[in-house]
Amino acid sequence: MKQSRLMSLVEAVANVVIGYGVAVVTQILIFPVFGLHTTLGQNLAMGGIFTVVSISRSFALRRLFEAIRVWTTRF
Numbered sequence: 920m921k922q923s924r925l926m927s928l929v930e931a932v933a934n935v936v937i938g939y940g941v942a943v944v945t946q947i948l949i950f951p952v953f954g955l956h957t958t959l960g961q962n963l964a965m966g967g968i969f970t971v972v973s974i975s976r977s978f979a980l981r982r983l984f985e986a987i988r989v990w991t992t993r994f
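When the letters of the sequence shown are read in order and numbered with our numbering, they come out as residues 920 to 994.
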């Protein structure tokens, strides 16, 4: 069964939304260990940037693997 582009995006967003929370908490806990002191707002902004990158990456990979699946079923 083929996954639609919309459902690929929904899956990627759901995955990354959960990851966003984990990333921000991790930044808050780990950055001070390396001498990096940021505000909550800065952590949220950095998490947001990483989230957009991650959604794009997940979506692109999902579409690539779907294209590979379609291509290999032709032969």
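Idealized CB from N, CA, C, for every residue including glycine.
Keep in mind it's a predicted model, so treat the numbers as computed, not measured.
So, are the CB atoms of residue i and residue j less than 7 Å apart?
{"i": "Phe978", "j": "Ala931", "result": "yes"}
{"i": "Tyr939", "j": "Thr970", "result": "yes"}
Quick check: what's the CA-CA separation for residue i versus residue j?
{"i": "Phe950", "j": "Asn962", "result": "10 Å"}
{"i": "Val941", "j": "Arg982", "result": "25 Å"}
{"i": "Arg993", "j": "Leu925", "result": "23 Å"}
{"i": "Gly954", "j": "Leu980", "result": "35 Å"}
{"i": "Ser923", "j": "Arg988", "result": "13 Å"}
{"i": "Ile937", "j": "Trp990", "result": "32 Å"}
Less than 8 Å between the CB atoms is what I'm expecting for residue i and residue j, so what's the real figure, rounded?
{"i": "Ile974", "j": "Val935", "result": "5 Å"}
Spatial neighbours of residue i within its chain, please: C-beta separation below 7 Å, excluding the five flanking residues on both sides.
{"i": "Val943", "result": "Asn962, Leu963, Gly966"}
{"i": "Ile947", "result": "Asn962"}
Output needed for residue i: all residues of its chain with C-beta closer than 8 Å, excluding positions within five of it in sequence on either side, in chain order.
{"i": "Ser927", "result": "Phe978, Arg981, Arg982, Glu985"}
Enumerate, from N- to C-terminal direction, the unbroken alpha helix (DSSP H) stretches of 4 or more residues contained entirely within the region 924-976.
Listed in chain order, they are 924-949.
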